[in-house]
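Asks: One structure coming up, written as structure tokens, with questions to follow.
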Amino acid sequence: MNGLKKALGLLWIILGPVSIIFMFMQAFEKVGLAEEGVHKTNTALQWGIILFIFIPISAGLVIFGWYALKGEYDKLPDDDSL
């Protein structure tokens with residue numbers, strides 16, 4: 771089980787930056803395809819908000835993956851303490 775946690779930790783470390791890059795690529799594409807004027811401004815604003823919310827989530831994935839890779843989740847508390 772600990773090996774699975776470490777493997778998933780590596781996956782989360784990779785998934786964080788890849789998802790940010792993918793979201794930026796999508797944002798540039800969608801803003802570029804929007805019509806000039808108000809539509810372009812609204813699209814840019816929407817994608818700005820999406821990226822503002824999504825970047826900390828992706829950073830959290832990297833941190834969570836780093837802790838899993840280091841083995842911080844190998845020793846979980848017992849159910850007796852509940």
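Residue numbering for the sequence shown follows my numbering, beginning at 771 and increasing consecutively. Cβ coordinates follow ideal geometry from the N, Cα and C atoms, glycine included.
Kindly indicate which residue of GLU799, SER789, GLY841 and ALA829 has the alpha-carbon position closest to the one of THR813.
Replies: Checking every option, the nearest Cα to that of THR813 belongs to GLU799.
Asks: Considering LEU780, what are the terminal residues of the alpha helix (DSSP H) in which it resides?
Replies: It spans 772–803 - the alpha helix (DSSP H) in which LEU780 sits, taken as one unbroken run.
Asks: CB LEU780 to CB LEU821, shorter than 8 Å?
Replies: Their beta carbons are not under 8 Å apart, which means LEU780 does not touch LEU821 by this criterion.
Asks: DSSP three-state call for LEU821: helix, strand or coil?
Replies: In this structure, LEU821 counts as helix in the three-state DSSP scheme.
Asks: Excluding the five sequence neighbours on either side, which residues of its own chain have a C-beta within less than 7 Å of the C-beta of TRP817, listed in chain order?
Replies: Answer for TRP817: ALA797, LYS800 and VAL801, listed in chain order.
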